[in-house]
Amino acid sequence: MIKKAVIFDADGTLWDSVDLVAKAFSIKLQDFPETKGIRISREDLLPLMGKTMDQFAKSLIPQVEGKRGEEILAHCMQFENFYLSENKVQFYPHLEECIAALKAAEIGRYIVSNCQLGYIDAVLYGEKFSLGKTGDFLDMECYGNNGKKKAENIRILMERNHLHPEDCVYLGDTALDFSSATEAGIAFIHASYGFGQVEGAERSISDLSELIHVLPFSL
3 MIKKAVIFDA DGTLWDSVDL VAKAFSIKLQ DFPETKGIRI SREDLLPLMG KTMDQFAKSL
63 IPQVEGKRGE EILAHCMQFE NFYLSENKVQ FYPHLEECIA ALKAAEIGRY IVSNCQLGYI
123 DAVLYGEKFS LGKTGDFLDM ECYGNNGKKK AENIRILMER NHLHPEDCVY LGDTALDFSS
183 ATEAGIAFIH ASYGFGQVEG AERSISDLSE LIHVLPFSL
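Structural data, given as structure tokens:
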């Protein structure tokens with residue numbers, strides 16, 4: 003029975019999908035008269051990684067107001083899921099070894115992200131990593147599934163899997179990840195190789211191979 007666990011953020015922690023997402027958005031935006039001609043770049047997306055759909059819409063297509071902007075972005079994200087399932091995402095180095103080390107130590111592996119529903123499955127589809135009760139990642143929760151903020155989704159995932167806060171740690175790359183883990187009552191490790199900078203984190207890694215050595219609980 004899994005008692006201790008690492009809960010991973012997705013973008014900037016497990017993988018870098020920014021270039022592919024920018025391409026997917028740019029393709030799909032051509033389908034709508036309000037956004038035809040708009041091209042999305044990596045630089046446009048980087049400040050938004052880890053944020054929610056409504057924040058993406060306000061930043062990327064501010065000229066499309068209100069619900070219409072969210073509707074267009076929803077179509078973009080649906081296409082993004084398909085596009086990512088057809089194109090390989092760049093996983094960070096040593097992820098396979100990291101997962102193997104956690105498995106050997108009988109430490110659970112979970113994902114909580116602010117992404118849309120289907121995104122994590124799309125990235126993992128056809129890759130060497132699996133999601134499910136016997137998979138590399140045992141369970142996940144996301145904003146797109148329930149509209150709840152990250153701290154609440156961390157708590158939901160822990161409750162569903164009978165995990166205690168003192169036995170869990172969140173690995174993420176942004177200040178939002180840090181504050182969400184703190185609000186959820188669990189320890190935090192900063193993935194400094196990712197997209198964001200975090201001040202005040204007690205633990206940090208520059209490569210996934212380091213994770214097993216800096217966990218805040220005894221193995």
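Heads up: the sequence shown is residues 3 to 221, going by our numbering. Ideal placement from N, C-alpha and C gives every residue a C-beta, glycine not left out. Computed from a predicted model, the values in this text were never measured in an experiment.
Assign Gln92 to one of three DSSP states: helix, strand, or coil. Your numbering for residue 92 matches position 90 in the sequence shown. In the structure shown, Gln92 sits in a strand (DSSP, three-state: E or B).
Expressed to the nearest angstrom, what Euclidean distance is found between the alpha-carbon atoms of Gly174 and Asp123? Against the sequence shown, residue 174 aligns to sequence position 172. Against the sequence shown, residue 123 aligns to sequence position 121. Taking the straight line joining both Cα atoms gives about 19 Å.
In chain order, what residues of the same chain lie with their CB nearer than 6 Å to the CB of Leu165, ignoring the 5 residues before and after it? Start at 1 with the first residue of the sequence shown, and residue 165 comes out as number 163. Cβ within range, chain order: Ala7.
To the nearest angstrom, report how far apart Gln32 and Cys170 are at their CA atoms. Walking along the sequence shown from the start, residue 32 turns up at place 30. Walking along the sequence shown from the start, residue 170 turns up at place 168. Using only the alpha carbons, I get a separation of about 43 Å.
Per-residue DSSP class, three states only, for His192: Stepping through the sequence shown from its first residue, residue 192 is reached at position 190. Correct three-state label for His192: strand.
With C-beta atoms as the reference, is Ala186 less than 7 Å away from Arg162? The residue labelled residue 186 in the question sits at position 184 within the sequence shown. The residue labelled residue 162 in the question sits at position 160 within the sequence shown. The answer is no: Cβ separation not under 7 Å.
Among Thr15, Gly68 and Cys78, the one whose alpha carbon lies nearest that of Leu22: Here the question's residue 22 lines up with position 20 in the sequence shown. When each option's Cα is compared against that of Leu22, the closest is Cys78.
For Phe84, count neighbouring C-beta atoms within 10 Å of its own C-beta (all shown protein chains included) and say buried if the count is 16 or more, exposed if not. Numbered from its first residue, the sequence shown carries residue 84 at position 82. Per the 10 Å Cβ criterion, exposed.
Unbroken stretches of the alpha helix (DSSP H), 4 residues or longer, contained in the segment 73-130: 97-106 and 121-126
Tell me the rounded alpha-carbon separation between Leu16 and Phe93. Numbered from its first residue, the sequence shown carries residue 16 at position 14. Numbered from its first residue, the sequence shown carries residue 93 at position 91. Distance between the alpha carbons of Leu16 and Phe93: 6 Å.
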